[in-house]
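Contents: one structure, followed by commentary.
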Amino acid sequence: SAVISQKPSRDICQRGTSLTIQCQVDSQVTMMFWYRQQPGQSLTLIATANQGSEATYESGFVIDKFPISRPNLTFSTLTVSNMSPEDSSIYLCSVETEDRVTGYTFGSGTRLTVV
Amino acid sequence: GNSVTQMEGPVTLSEEAFLTINCTYTATGYPSLFWYVQYPGEGLQLLLKATKADDKGSNKGFEATYRKETTSFHLEKGSVQVSDSAVYFCALSDGGGADGLTFGKGTHLIIQP
Numbered sequence: 021s022a023v024i025s026q027k028p029s030r031d032i033c034q035r036g037t038s039l040t041i042q043c044q045v046d047s048q049v050t051m052m053f054w055y056r057q058q059p060g061q062s063l064t065l066i067a068t069a070n071q072g073s074e075a076t077y078e079s080g081f082v083i084d085k086f087p088i089s090r091p092n093l094t095f096s097t098l099t100v101s102n103m104s105p106e107d108s109s110i111y112l113c114s115v116e117t118e119d120r121v122t123g124y125t126f127g128s129g130t131r132l133t134v135v
Numbered sequence: 495g496n497s498v499t500q501m502e503g504p505v506t507l508s509e510e511a512f513l514t515i516n517c518t519y520t521a522t523g524y525p526s527l528f529w530y531v532q533y534p535g536e537g538l539q540l541l542l543k544a545t546k547a548d549d550k551g552s553n554k555g556f557e558a559t560y561r562k563e564t565t566s567f568h569l570e571k572g573s574v575q576v577s578d579s580a581v582y583f584c585a586l587s588d589g590g591g592a593d594g595l596t597f598g599k600g601t602h603l604i605i606q607p
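In the order they appear, the protein sequences are chains A and B.
Counted the way the numbering used here counts, the first sequence spans residues 21 to 135.
Counted the way the numbering used here counts, the second sequence spans residues 495 to 607.
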């Protein structure tokens, strides 16, 4: 299955600043997914990113706050903009496995703390 | 919309005990169902999956059967080990992979020696 490299693995940021998280896949994939895992909570889908088109955001998430780029079939970035302490979470990218049956592979996550 | 409900934790068991973690779902279509596991300090890993009714997923001694009549996908293991201590997430995918995953809240499992 695909191997995902996600960075940074963790960061501590000042409120009001922005952080860009990168996700690199070792094979071409059509769709990439970005999730948020708030402390002690489950994973929530933020958006789906297709190459060559705008990302599709889930209810409660907006492009101005979480802009996403998808310049090619192996790479995507998620930016957390104008951060507040409530944005402190683990952010994960994910891709569907090649056979479209096995499931989804996840990156190791970015642990973000906003102070 | 889609939703997944799983039993809240933490669940604490003794080694070699029988494990059941309940999971029920609501979906508009015919979803695929998954169990993911997150070991302490590690990323999310697929544990097992089932793609249609009556399918049984199994891995590492864990099993779950896709029950359409009860919209359930309960996770079971006959004899747990300390190394099974982790957070377990039930999830579904509806739409052939185009929509990502809907996760349950997760169940923290603690196995005591």
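For glycine and all other residues, C-beta sits at the position ideal for the given N, C-alpha and C.
What would DSSP say about residue 31(A), mapped onto helix, strand or coil? strand
Return no unless some Cβ of chain B is closer than 8 Å to the Cβ of residue 42(A). no
Determine, for residue 598(B), whether the minimum Cβ-Cβ distance to residues of chain A falls below 8 Å. yes
Which residues mark the beginning and the end of the beta strand (DSSP E) in which residue 571(B) is found? 569-571
For residue 594(B) and residue 53(A), which I take to be in contact (beta-carbon distance under 8 Å), what is that distance rounded to the nearest angstrom? 4 Å
Under 7 Å (Cβ pairs) to chain A, residues found in the stretch 541-555 of chain B: 543, 545
I need the straight-line Cα distance from residue 105(A) to residue 134(A), nearest angstrom please. 5 Å
Complete runs of the alpha helix (DSSP H) confined to the stretch 86-118 of chain A [at least 4 residues]: none
Along the chain, where does the beta strand (DSSP E) that runs through residue 557(B) open and close? 556-559
Using the DSSP secondary-structure output, state which residues sit across from residue 543(B) in a beta bridge. 528(B)
Contacting residues, own chain, Cβ-Cβ under 7 Å from residue 588(B) (five flanking each side not counted): 496, 521, 522, 523, 525
Could you tell me whether any Cβ in chain D is nearer than 8 Å to the Cβ of residue 86(A)? This model lacks chain D altogether, as its protein chains are A and B.
CB contact check: residue 63(A) to chain B, cutoff 8 Å: yes
Can you tell me the Cβ-Cβ gap for residue 513(B) and residue 570(B), rounded? I've got them flagged as a contact below 8 Å. 6 Å
Check whether the Cβ atoms of residue 31(A) and residue 117(A) lie closer than 8 Å to each other. no
Under DSSP, the beta strand (DSSP E) around residue 496(B) begins and ends at which residues? Note, residue 496(B): premise wrong, no beta strand (DSSP E); not H, not E.
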